[in-house]
Amino acid sequence: MLKPRDETTDADIQWVLDVYNKYGAIQHAQKFADNLVEQAYKTIDEIPVENKMIFKEIASFMAQRMS
Numbered sequence: 192m193l194k195p196r197d198e199t200t201d202a203d204i205q206w207v208l209d210v211y212n213k214y215g216a217i218q219h220a221q222k223f224a225d226n227l228v229e230q231a232y233k234t235i236d237e238i239p240v241e242n243k244m245i246f247k248e249i250a251s252f253m254a255q256r257m258s
């Protein structure tokens with residue numbers, strides 16, 4: 192889409208979402224984010240900190256926010 196943001200229509204957005212869904216882009220991105228969170232959890236588990244849960248919550252929040 193080469194339109195300025197203020198000229199983008201709902202139909203334009205739906206077209207992009209349809210293409211993403213057709214090729215599995217959204218599902219792939221979610222799987223990629225889930226894998227990153229899993230890696231983050233493993234790294235966090237190695238940190239010698241008593242309250243690791245906040246780091247895990249941040250990792251989960253970031254993955255959910257991106258999806």
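With our numbering applied, the sequence shown closes on residue 258, and no number is skipped along the way.
C-beta: ideal position from N, C-alpha, C; glycine also.
Keep in mind that this is a model prediction, so the values were computed, not measured.
- Apart from the 5 residues on each side of it in sequence, Val-240 has no Cβ closer than 6 Å to any other Cβ in its chain.
- Taking 9 Å as the cut-off, the beta carbon of Ala-224 is found no closer than this to the beta carbon of Ala-202.
- For Asp-201, the enclosing alpha helix (DSSP H) stretches over residues 201-213.
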